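Student: One rule links them: number in the numbering used here = place in the sequence shown (from 1) + 12.
Virtual Cβ for every residue (Gly too), placed ideally from N, Cα, C.
If you're wondering where the values come from, they're calculated on a predicted model, not measured in any experiment.
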Amino acid sequence: MDKIVVLDFGSQYSHLICRRIREFSVYAELVPYDISYDELQKLNPVGIIFSGGPSSVYNSDAPNPEGKIFEMNLPLLGICYGHQLIVNKFGGKVKRANKEYGSSLLTIDNDEDLLNGVGKSVRAWMSHGDEAEQIPKGFKVIGHTENAKAAAIASEEKSIYGIQFHPEVVHTEQGTEILKNFVLKVCGARQDWTMEGFIDSAVEKISRIDGNVLCGVSGGIDSTVVALLIHKAIGKRLKCVFVNNGLLRLNEEKEIEKMFKDNFKVDFTSINAVDKFLEKLKGIEDPERKRMIVGEEFIHVFSKFAETNGPFKWLAQGTLYPDVIESGVSKGPAAIIKSHHNVGGLPDWLNLEILEPLRELYKDEVRKIAKILGVPEKLFMRHPFPGPGLAVRIIGEVTPIKLSISKVASKIVEDELMEAGLYEKVWQAYAAVGDDRAVGVVGDERRYGNIVMIRVVDSVDAMTADWTRLSHGLLEKMSNRITNEIEDVTWVTYAISSKPPATIEPQ
Ligand code: XMP
Numbered sequence: 013m014d015k016i017v018v019l020d021f022g023s024q025y026s027h028l029i030c031r032r033i034r035e036f037s038v039y040a041e042l043v044p045y046d047i048s049y050d051e052l053q054k055l056n057p058v059g060i061i062f063s064g065g066p067s068s069v070y071n072s073d074a075p076n077p078e079g080k081i082f083e084m085n086l087p088l089l090g091i092c093y094g095h096q097l098i099v100n101k102f103g104g105k106v107k108r109a110n111k112e113y114g115s116s117l118l119t120i121d122n123d124e125d126l127l128n129g130v131g132k133s134v135r136a137w138m139s140h141g142d143e144a145e146q147i148p149k150g151f152k153v154i155g156h157t158e159n160a161k162a163a164a165i166a167s168e169e170k171s172i173y174g175i176q177f178h179p180e181v182v183h184t185e186q187g188t189e190i191l192k193n194f195v196l197k198v199c200g201a202r203q204d205w206t207m208e209g210f211i212d213s214a215v216e217k218i219s220r221i222d223g224n225v226l227c228g229v230s231g232g233i234d235s236t237v238v239a240l241l242i243h244k245a246i247g248k249r250l251k252c253v254f255v256n257n258g259l260l261r262l263n264e265e266k267e268i269e270k271m272f273k274d275n276f277k278v279d280f281t282s283i284n285a286v287d288k289f290l291e292k293l294k295g296i297e298d299p300e301r302k303r304m305i306v307g308e309e310f311i312h313v314f315s316k317f318a319e320t321n322g323p324f325k326w327l328a329q330g331t332l333y334p335d336v337i338e339s340g341v342s343k344g345p346a347a348i349i350k351s352h353h354n355v356g357g358l359p360d361w362l363n364l365e366i367l368e369p370l371r372e373l374y375k376d377e378v379r380k381i382a383k384i385l386g387v388p389e390k391l392f393m394r395h396p397f398p399g400p401g402l403a404v405r406i407i408g409e410v411t412p413i414k415l416s417i418s419k420v421a422s423k424i425v426e427d428e429l430m431e432a433g434l435y436e437k438v439w440q441a442y443a444a445v446g447d448d449r450a451v452g453v454v455g456d457e458r459r460y461g462n463i464v465m466i467r468v469v470d471s472v473d474a475m476t477a478d479w480t481r482l483s484h485g486l487l488e489k490m491s492n493r494i495t496n497e498i499e500d501v502t503w504v505t506y507a508i509s510s511k512p513p514a515t516i517e518p519q
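The structure is reproduced here in structure tokens:
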């Protein structure tokens, strides 16, 4: 398989570069910027990309790749910080400039090569503090913006390119075209990365493991796909366990059991641990503590199951790349944003090795795999649901009343979106509840009740998200139903913050 290797200099967008490239069926892999020359050679890439990053080439601790990497004679594209590294390395000059964030107009000066077919000018997403003041010998400027005279440079002879903007973010018009020009035309990569190919190689790798596998299934798309892949590889050596922790969507536990029993031939056990989870969460308000507690409790339930149904050698989990990158345990230097309970390994005493076949994938790639594996459509179109469940949708302490409000109100939000034909168009949708209360009048009576917050977002990969512009009529219907059908709720609000600066979940 032809491969593009992306060196990660710490930008939040680094993995998006891989994702965009994979979208046009070329395999791309993210590696730390300090990968050794020998290791990089072993990966045998057809081209290299330097990602952006928060550093300045002037900083004494600025991340630098091993020198020999520049001499590999492979096509090279530097993005943002990567662009400045190239300018610096080949004898140009980088200067500190006014910080530039957001969209700028990129004028194309030469469209023969990297910028072929993108038009005369495009909106390009900038996020930088330094810029190229003088370009290296043998390079030419192929694009500029008002503030960055050398926003895109090229040495066609060496097949080395630098761009100040981020082609990987959706806000850059024709960003994918630019990446395609580099990957397909300059590197000559074949488009041979497909989800069918991923399944074959994952099944082949898993079939080589020895021992039995315990797989926690949540009923969500990720863990279901993990279970099916492993089942395909090792059949009866896999046992699936579903834990009802009381933090699920309304009636979800029953639906999941039915779905597994009706559709798949895997070994499936459902465990009711509602009381244990809720007991442990009593009095806990801090979101990260809640995540830790839920994570620990899952491990306890699994280990108890393993004691009586084992021996197991492996614990499989449906961890995806966004979980990994946001927990700061990605391969690169991105900072911790939220810890995700299913990332970061297992306690030593559990004595199980971890199996995460989807660790490198994005949600939409997993959905494609689900479809190929014959997962019922109803399941793979279901919105993602966080591992700690309603514990991160309930602000403050998790109490039975807040759980019940969030469950019923979220069901109303989902049902109304389905009714309006919008459920599958939005990324996630739910109703959160906290301790804030507001006065209402019901009949002739004054009532002091809870405030519910509806959150509906659009996203492609959960890395960024925007609030969905639902019609006022639909919001009104949701609000009316929530206040009419849930006695404890007096007010309904709609969350209109995008990610960033907010996140998708309130906790
Ligand atoms: P945030 O709230 O960080 O969420 O914007 C990004 C995506 O991750 C999900 N999420 C989690 N998933 N464990 C999970 O397995 C967690 O602790 C967790 N927190 C958030 C969230 O639903 C969204 O899809």
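For Val501 and Leu196, what's the separation of their Cα atoms in angstroms?
Tutor: Roughly 56 Å between the two C-alpha positions.
Student: When DSSP labels each residue in this structure, what does Thr495 get in the three-state scheme?
Tutor: In the structure shown, Thr495 sits in a helix (DSSP, three-state: H, G or I).
Student: Can you check the stretch 357 to 406 for any beta strand (DSSP E) of at least 3 residues that lies completely inside it and give the ranges in chain order?
Tutor: Complete beta strand (DSSP E) runs here, min 3: 365 to 367.
Student: Quick one: residues in its chain with C-beta nearer than 8 Å to the C-beta of Val134, no 5 flanking neighbours on either side, listed in chain order?
Tutor: The residues are Leu117, Leu118, Ile120, Thr184, Glu185, Gln186.
Student: Return the Cβ separation of Lys105 and Glu143 in integer angstroms, given the expectation that the two are a contact with Cβ distance under 8 Å.
Tutor: About 10 Å separates the two Cβ atoms, so there is no contact after all.
Student: Would a C-beta distance cut-off of 7 Å place Thr476 and Lys511 closer than the cut-off?
Tutor: Contact: yes.
Student: Can you tell me which of the three DSSP states Asp14 falls into?
Tutor: Coil at Asp14, not helix or strand.
Student: For Gly401 versus Leu250, is the C-beta spacing smaller than 7 Å?
Tutor: It is not a contact, given that the beta carbons lie outside the stated cut-off.
Student: Under three-state DSSP, which class holds Met138?
Tutor: Three-state result, Met138: strand.
Student: Can you list the alpha helix (DSSP H) stretches of 4 or more residues lying completely in the stretch 412 to 447, in chain order?
Tutor: Runs of the alpha helix (DSSP H) inside the stretch 412 to 447: 412 to 431.
Student: From the DSSP output, in three-state form, read off Gly114 for me.
Tutor: Strand at Gly114.
Student: Between His484 and Gly209, what straight-line distance do the alpha-carbon atoms span, to the nearest angstrom?
Tutor: One C-alpha to the other measures close to 45 Å.
Student: According to DSSP, is Gly408 part of a helix, a strand, or is it coil?
Tutor: Correct three-state label for Gly408: coil.
Student: Any chance the CB of Gly307 is under 6 Å from a heavy atom of the ligand XMP?
Tutor: No, Cβ of Gly307 sits at least 6 Å from all heavy atoms of the ligand XMP.
Student: May I have the straight-line CA-CA distance separating Ala239 from Ile60, to the nearest angstrom?
Tutor: Straight-line Cα distance between these residues: approximately 34 Å.
Student: Assess contact between the stretch 412 to 431 and the stretch 297 to 315, defined as three or more Cβ pairs (one per stretch) separated by less than 8 Å. Is contact present?
Tutor: No, because fewer than three Cβ pairs between the stretch 412 to 431 and the stretch 297 to 315 fall closer than 8 Å, the two stretches do not touch.
Student: Per DSSP, what kind of secondary structure is Ser26 in: helix, strand or coil?
Tutor: Three-state DSSP puts Ser26 in a helix.
Student: Starting from the C-beta of Leu293, find all residues in its chain whose C-beta is less than 8 Å away, skip the five residues before and the five after it, and write them out in chain order.
Tutor: Closer than 8 Å at the Cβ level, and outside the excluded window around Leu293, lie Lys302, Ile305, Val306, Ala403, Glu409, Val410.
Student: Is the CB-CB distance between Ala162 and Ile154 below 7 Å?
Tutor: Taking 7 Å as the Cβ cut-off, Ala162 and Ile154 do not qualify as a contacting pair.
Student: Please classify Leu241 as buried or exposed, where buried requires at least 16 neighbouring CB atoms within 10 angstroms.
Tutor: Its Cβ being crowded by 16 or more others within 10 Å, Leu241 is buried.
Student: Please classify Glu412 as buried or exposed, where buried requires at least 16 other C-beta atoms within 10 Å of its C-beta.
Tutor: The question names Glu, yet the displayed sequence has Pro at residue 412. Counting Cβ neighbours within 10 Å, Pro412 comes out exposed, since fewer than 16 surround it.
Student: Give me the Cβ distance between Asn148 and Phe194, rounded to the nearest whole Å; I'm assuming they're in contact under 8 Å.
Tutor: One point to set straight first is that residue 148 is Pro, not Asn, in the sequence displayed. Pro148 to Phe194, Cβ: 18 Å. No contact.
Student: Below 7 Å between beta carbons: does that hold for Arg459 and Tyr442?
Tutor: In this structure, Tyr442 does not lie closer than 7 Å to Arg459 by Cβ.
Student: Closer than 6 Å to a non-hydrogen atom of the ligand XMP - does that hold for the CB of Ala443?
Tutor: No; taking the cut-off as 6 Å, the Cβ of Ala443 has no heavy atom of the ligand XMP nearer than that.
Student: Given a threshold of 16 other Cβ atoms within 10 Å of its Cβ, counted over all protein chains shown, does Ser63 qualify as buried or as exposed?
Tutor: Classification of Ser63: buried, given that the 10 Å Cβ count is 16 or more.
Student: Please report the straight-line C-alpha distance between Glu428 and Leu486, rounded to a whole angstrom.
Tutor: Going by the C-alpha atoms only, they are around 8 Å apart.
Student: What residue ranges within the stretch 455 to 506 form continuous beta strand (DSSP E) runs of no fewer than 3 residues, ordered along the chain?
Tutor: 457 to 470, 501 to 506, all fully within the stretch 455 to 506.
Student: Let me know the secondary structure DSSP gives Phe36 once reduced to three states.
Tutor: Residue state, collapsed to three classes: coil.
Student: In angstroms with no decimal places, state the Cα-to-Cα distance between Asn492 and Thr206.
Tutor: Each residue's alpha carbon lies about 46 Å from the other.
Student: Is DSSP giving Ile154 helix, strand or coil here?
Tutor: The answer is strand: DSSP assigns Ile154 an E or B state.
Student: I'd like to confirm the pairing. Which residues does DSSP put opposite Ile242 in its beta bridges?
Tutor: According to DSSP, Ile242 bridges with nothing at all.
Student: Would you call Asn100 buried or exposed, if buried means 16 or more other Cβ atoms sit within 10 Å of its Cβ?
Tutor: Classification for Asn100: buried.
Student: Work out the CA separation of Ile233 and Leu332 for me, nearest whole Å.
Tutor: Those two C-alpha atoms are separated by around 11 Å.
Student: Apart from the five residues on each side of it in sequence, which residues of its chain come closer than 6 Å, Cβ to Cβ, to Ser282?
Tutor: Closer than 6 Å at the Cβ level, and outside the excluded window around Ser282, lie Phe254, Glu269.
Student: Which first and last residues belong to the beta strand (DSSP E) in which Lys192 is found?
Tutor: Not the beta strand (DSSP E): Lys192 falls in the alpha helix (DSSP H), residues 187 to 192.
Student: So, Val464 versus Val438, is the Cβ gap smaller than 7 Å?
Tutor: Going by C-beta atoms, Val464 is not nearer than 7 Å to Val438.
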